[in-house]
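Student:
Residue numbers (the UniProt record's numbering): 1 to 450.
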């Protein structure tokens with residue numbers, strides 16, 4: 001795994017011409033995590049096609065094996081997951097290592113909260129810095145015991161108990177916290193209710209329905225949603241085809257949009273309306289983006305995206321859109337660097353507690369590449385000149401895959417090459433990122449300084 005390799009592998013993106021071609025991006029990371037988890041809880045065998053085989057998702061697969069599920073990849077690349085039903089998890093013999101995956105960490109904390117044993121969690125150095133209190137608080141309110149010697153951060157232990165349903169209002173919109181509560185509620189008698197201040201990605205709710213459970217989602221006047229789930233429903237195995245990850249597609253879309261003359265089609269991309277904010281924002285900035293062949297697949301909207309390169313205009317991104325594109329803001333910062341005029345991006349507090357402080361990390365990299373901006377507590381204001389930024393920066397990724405990919409996208413269209421300190425981190429979410437962009441005409445080299 002990345003965290004066990006001692007020597008970093010720098011990657012340099014060199015200025016190149018237009019990108020052209022048709023590609024498929026790796027499977028959706030959020031759906032992949034949940035497909036494995038729900039397959040491991042259902043009765044029977046679930047066949048998963050298109051699973052993202054990045055390090056983050058493989059951590060979830062390994063953890064589910066330790067918890068008693070059978071998780072096997074067959075010869076044609078499909079994954080077969082056989083569960084034992086709700087309430088039948090097995091006590092793991094070893095610590096669950098979540099690596100760099102905050103999603104796996106938070107969802108699995110909820111998963112084991114109602115099981116009558118203690119589960120130990122750890123991760124890499126980056127994950128150990130990330131706060132887990134937002135998940136721990138509602139789980140403790142339900143009755144779980146969570147202990148940590150580092151102020152609520154990893155490493156920690158979750159001691160499962162018989163849980164009670166709760167009525168919980170999320171202080172901050174978070175799909176991971178919402179999902180952790182719903183997973184804890186699966187074997188909890190009675191009705192659990194979660195109120196989110198703004199709608200967040202609803203893959204967990206969609207997955208529950210796909211596996212045969214009933215979940216109620218109600219829009220409320222304040223703009224948020226109430227999710228209600230009655231525990232102890234049976235889940236039945238149901239095959240899943242995982243669509244391409246819109247968060248991964250975002251990097252390709254921006255790489256094409258900022259390079260005049262580009263013409264790239266990304267096929268089979270998940271277009272969940274709570275995940276499509278980046279594509280809407282690019283269109284508002286003047287990008288030529290066409291959604292083709294829209295369809296539904298396993299309860300999720302899917303389509304093909306065609307992007308033609310051209311000029312972008314600065315805009316003010318509505319803060320309420322942030323939950324639909326929170327992971328895509330680093331690469332949107334890059335797009336804004338190529339736009340004409342001012343792009344204002346606020347309401348991004350969540351970026352401060354991701355794999356890195358993404359606002360600070362992106363600000364440092366943008367400065368190194370000659371971009372004019374103002375850093376805010378909750379976002380960035382970027383002043384674009386309408387020309388390619390100077391580039392030339394050597395970027396510290398802070399073990400954050402999205403920082404690495406964002407600046408490599410910049411390097412393909414900047415005036416000078418851009419180097420990231422370690423390209424291995426991209427394997428957590430987008431294995432083959434460099435090779436895929438190279439296939440479209442991009443020029444990247446490994447182990448090379450700009």
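Backbone N, C-alpha and C fix where the C-beta goes; we use that ideal spot for every residue, glycine too. What you are looking at is a predicted structure, and each value in this text was computed from that prediction instead of being measured.
Just the C-alpha distance for residue 183 and residue 161, rounded to the nearest angstrom, thanks.
Tutor: Translated into the one-based positions of the chain shown, residue 183 becomes position 183. Translated into the one-based positions of the chain shown, residue 161 becomes position 161. Spanning the two alpha carbons is a distance of roughly 14 Å.
Student: Taking residue 458 as the reference, which of 271, 384, 433 and 439 has the closest Cα?
Tutor: Outside the modelled stretch of the chain, which goes from 1 to 450, sits residue 458, for which no answer is possible.
Student: Under a three-way DSSP split, which group does residue 272 fall into?
Tutor: In the chain shown, counting from the first residue as 1, residue 272 sits at position 272. It is coil, neither helix nor strand.
Student: In the DSSP output, what is residue 446 paired with across the bridge?
Tutor: Here residue 446 corresponds to residue number 446 of the chain shown, with the count starting at 1. For residue 446, which the question treats as bridged, DSSP gives the partners 11.
Student: Strictly by DSSP, which residues pair up with residue 167?
Tutor: Here residue 167 refers to the residue found at position 167 of the chain shown. Residue 167 is bridged to 193.
Student: 8 Å is my cut-off, CB to CB: does residue 309 come that close to chain E?
Tutor: Although the question refers to chain E, the structure presented lacks it and comprises just one protein chain.
Student: Nearest by alpha-carbon distance to residue 357: which of 378, 341 and 248 is it?
Tutor: The residue labelled residue 357 in the question sits at position 357 within the chain shown. Of the candidates 378, 341 and 248, the one whose C-alpha sits nearest the C-alpha of residue 357 is 378.
Student: In or out: residue 7 buried (at least 16 other Cβ within 10 Å) or exposed?
Tutor: The residue given as residue 7 occupies position 7 in the chain shown. With fewer than 16 Cβ atoms within 10 Å of its Cβ, residue 7 is classed as exposed.
Student: On a CA-only basis, which of 354, 198 and 202 is nearest residue 452? Give me that one, please.
Tutor: Beyond the ends of the chain as shown, which are 1 and 450, falls residue 452; an answer cannot be given.
Student: Please state if the CB of residue 392 and the CB of residue 417 are separated by a distance shorter than 8 Å.
Tutor: On the chain shown, residue 417 is found 417 positions in, with the first residue counted as 1. On the chain shown, residue 392 is found 392 positions in, with the first residue counted as 1. Yes, the Cβ-Cβ distance between residue 417 and residue 392 is below 8 Å.
Student: Going by alpha carbons, who is nearest to residue 287 out of 209, 163 and 259?
Tutor: As a position in the chain shown, residue 287 is number 287, starting the count at 1. Of the listed residues, the one whose Cα sits closest to residue 287 is 259.
Student: Report yes if the CB atom of residue 322 is closer than 8 Å to the CB atom of residue 348, and no otherwise.
Tutor: The residue given as residue 322 occupies position 322 in the chain shown. The residue given as residue 348 occupies position 348 in the chain shown. Yes. Within cutoff.
Student: Is residue 273 buried or exposed, if buried means 16 or more other CB atoms sit within 10 Å of its CB?
Tutor: Taking the first residue of the chain shown as 1, we reach residue 273 at position 273. Under this definition residue 273 is an exposed residue.
Student: When we look at the beta-carbon of residue 211 and count the other beta-carbons within 10 Å, is it buried (16 or more) or exposed?
Tutor: As a first step, residue 211 must be located in the chain shown, where it is residue number 211. Label assigned to residue 211: buried.
Student: By Cβ distance below 6 Å, which residues in the same chain neighbour residue 361 in space, the five residues on each side in sequence not counted?
Tutor: On the chain shown, position 361 is the one that residue 361 refers to. Cβ neighbours of residue 361 beyond the five flanking positions: 398 and 403.
Student: Can you list the beta strand (DSSP E) stretches of 3 or more residues lying completely in the stretch 301-357, in chain order?
Tutor: Here the runs fully enclosed are 340-345.
Student: Can the beta-carbon of residue 223 be found less than 8 Å from the beta-carbon of residue 28?
Tutor: Taking the chain shown and counting its residues from 1, the one referred to as residue 223 is at position 223. Taking the chain shown and counting its residues from 1, the one referred to as residue 28 is at position 28. No, these two residues do not count as a Cβ contact at 8 Å.
Student: So what does DSSP say about residue 66, is it helix, strand or coil?
Tutor: The count along the chain shown starts at 1 and reaches residue 66 at position 66. It is helical.
Student: Along the chain, where does the beta strand (DSSP E) that runs through residue 282 open and close?
Tutor: Position 282 of the chain shown, counted from the first residue, corresponds to residue 282. Note, residue 282: premise wrong, no beta strand (DSSP E); alpha helix (DSSP H) at 277-284.
Student: Identify whether residue 440 lies in helix, strand or coil by the three-state DSSP scheme.
Tutor: The residue you call residue 440 lines up with position 440 of the chain shown. Coil at residue 440, not helix or strand.
Student: Let me know if residue 35 comes out buried or exposed under the rule of 16 or more other beta-carbons within 10 Å of its beta-carbon.
Tutor: Locating residue 35 in the chain shown gives position 35, counting from the first residue. Residue 35 is buried by the Cβ-count criterion.
Student: Between residue 315 and the ligand FMN, is the CB less than 7 Å from at least one heavy atom?
Tutor: Within the structure as shown, the ligand FMN is missing, as the structure has no ligands at all.
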